[in-house]
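S.K.: Count along the sequence shown from 1, then add 349; that gives the number in the working numbering.
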Amino acid sequence: MRYPPPSPWQPGQSWQVPGNPSMLASQAERERAVDVLRAAFGEGRLQQREFEQRVARAYAARTIGELSVLVADVPQGPAPMPPTPVAMPPAVPQPYLPVLSRPVNGKAVASLVLGLMTMVTFGVTGLPAVITGHMALSELRSSGESGDAQAVIGLIMGWLSIAAWMVFFVFLVIAV
Numbered sequence: 350m351r352y353p354p355p356s357p358w359q360p361g362q363s364w365q366v367p368g369n370p371s372m373l374a375s376q377a378e379r380e381r382a383v384d385v386l387r388a389a390f391g392e393g394r395l396q397q398r399e400f401e402q403r404v405a406r407a408y409a410a411r412t413i414g415e416l417s418v419l420v421a422d423v424p425q426g427p428a429p430m431p432p433t434p435v436a437m438p439p440a441v442p443q444p445y446l447p448v449l450s451r452p453v454n455g456k457a458v459a460s461l462v463l464g465l466m467t468m469v470t471f472g473v474t475g476l477p478a479v480i481t482g483h484m485a486l487s488e489l490r491s492s493g494e495s496g497d498a499q500a501v502i503g504l505i506m507g508w509l510s511i512a513a514w515m516v517f518f519v520f521l522v523i524a525v
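1) Going by CA-CA distance only, name the one from Y408, E399, G507 and S450 that's closest to G496.
2) For W358, count neighbouring Cβ atoms within 10 angstroms of its own Cβ and tell me buried if that reaches 16, exposed if not.
3) Report the three-state DSSP secondary structure of V453 (helix, strand or coil).
4) Where do the N-terminal and C-terminal ends of the alpha helix (DSSP H) with G482 fall, by residue?
5) Is the segment 370 to 379 close to the segment 410 to 423, with three or more CB pairs under 8 Å?
6) Throw me the rounded Cβ distance for the L504 and V479 pair, which I believe falls under 8 Å.
7) Is DSSP giving W358 helix, strand or coil here?
8) A382 and A407 - do their beta-carbons sit closer together than 7 Å?
9) Can L386 and V404 be called in contact, C-beta distance under 7 Å?
10) Measuring CA to CA, which of A498, F400, D384 and V516 is closest to K456?
11) Note down, in chain order, each residue of its chain lying with its Cβ closer than 8 Å to the Cβ of G472, except the 5 sequence neighbours on either side.
12) Answer with buried or exposed for T421, where buried requires no fewer than 16 other C-beta atoms within 10 angstroms of its C-beta.
13) Would you call G464 buried or exposed, if buried means 16 or more other Cβ atoms sit within 10 Å of its Cβ?
14) Quick one: Cα of L489 to Cα of V462, how far?
15) Considering only the beta carbon of each residue, do P447 and E494 sit closer than 7 Å?
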């Protein structure tokens, strides 16, 4: 009469094999005991040295009783974990949350564009760049929008073009 080979140890499955403790142990039963010891070692229940000693003794064991002594003081599988609450979704760690960007103020963008265009228009867009830059900065203080850098760059470029025109007119007046 042939018996089916025993299946390897699975988490939650009891290691004990029914029968007489003095019955000779099979290789499959030794492997089951070693699997239980590996699970206990993985959970931190056994130190490295003790784990290695028990594994060596498990492979050298002749009877089921010797194997049961090796695994008697460890749980017969991984410790049960408390169930996670289903009602509340797990919290997302801070680095994985989407970055919420503030909208950019339109007048700040207009000031930047007008300030950059002063080089192409020979300073004609300088005064509008200064006006929209100041309007944008006053709105940014109260609205919570972003665009400070754009407004400041537009202001600087606008004021530089106005200063360049002033210097040009001063030289023109002196030359006449």
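Every residue gets a Cβ at the ideal spot worked out from N, C-alpha and C, and that includes glycine.
Computed from a predicted structure; not experimentally measured.
M.R.: From the atom records:
1) Indexing the sequence shown from 1 puts residue 496 at position 147. The residue with the shortest Cα to Cα distance from G496 is S450.
2) Position 9 of the sequence shown, counted from the first residue, corresponds to residue 358. Low confidence applies to W358: its pLDDT is 47, below 50, so where it sits in the model is not reliable, and the reading given next is rough at best. W358 should be labelled buried.
3) Translated into the one-based positions of the sequence shown, residue 453 becomes position 104. In the structure shown, V453 sits in a strand (DSSP, three-state: E or B).
4) Within the sequence shown, the letter at position 133 stands for residue 482. If you look at G482, you'll find it in the alpha helix (DSSP H) that goes G475 to S492.
5) Contact between the segment 370 to 379 and the segment 410 to 423 is present, because at least three Cβ pairs lie under 8 Å.
6) Here the question's residue 504 lines up with position 155 in the sequence shown. Here the question's residue 479 lines up with position 130 in the sequence shown. In this structure L504 is in contact with V479, their Cβ atoms being roughly 6 Å apart against a cut-off of 8 Å.
7) Counting from 1 along the sequence shown, the entry for residue 358 is found at position 9. The predicted position of W358 is uncertain, since its pLDDT is 47 and thus under 50; a value taken from the coordinates is nonetheless stated next. DSSP, read as helix, strand or coil, puts W358 in coil.
8) Here residue 407 refers to the residue found at position 58 when the sequence shown is read from its first residue. Here residue 382 refers to the residue found at position 33 when the sequence shown is read from its first residue. For A407 and A382, yes; Cβs fall inside 7 Å.
9) Counted from its first residue, the sequence shown places residue 386 at position 37. Counted from its first residue, the sequence shown places residue 404 at position 55. With contacts defined by Cβ atoms closer than 7 Å, L386 and V404 form a contacting pair.
10) By 1-based counting over the sequence shown, the position of residue 456 is 107. Looking at A498, F400, D384 and V516, the one whose alpha-carbon comes closest to that of K456 is A498.
11) Stepping through the sequence shown from its first residue, residue 472 is reached at position 123. Only S510, I511, A513 and W514 meet the Cβ criterion.
12) The count along the sequence shown starts at 1 and reaches residue 421 at position 72. The residue asked about is misnamed: residue 421 is Ala in this sequence, not Thr. Counting C-beta atoms within 10 angstroms of its own C-beta, A421 has fewer than 16 neighbours from the protein chains shown and is therefore classed as exposed.
13) The count along the sequence shown starts at 1 and reaches residue 464 at position 115. By the neighbour-count criterion, in which 16 or more other beta carbons inside 10 Å mark a residue as buried, G464 falls on the buried side.
14) Numbered from its first residue, the sequence shown carries residue 489 at position 140. Numbered from its first residue, the sequence shown carries residue 462 at position 113. Rounded to the nearest whole angstrom, the C-alpha separation of L489 and V462 is 17 Å.
15) Here residue 447 refers to the residue found at position 98 when the sequence shown is read from its first residue. Here residue 494 refers to the residue found at position 145 when the sequence shown is read from its first residue. At the C-beta level, P447 and E494 stay beyond 7 Å of one another.
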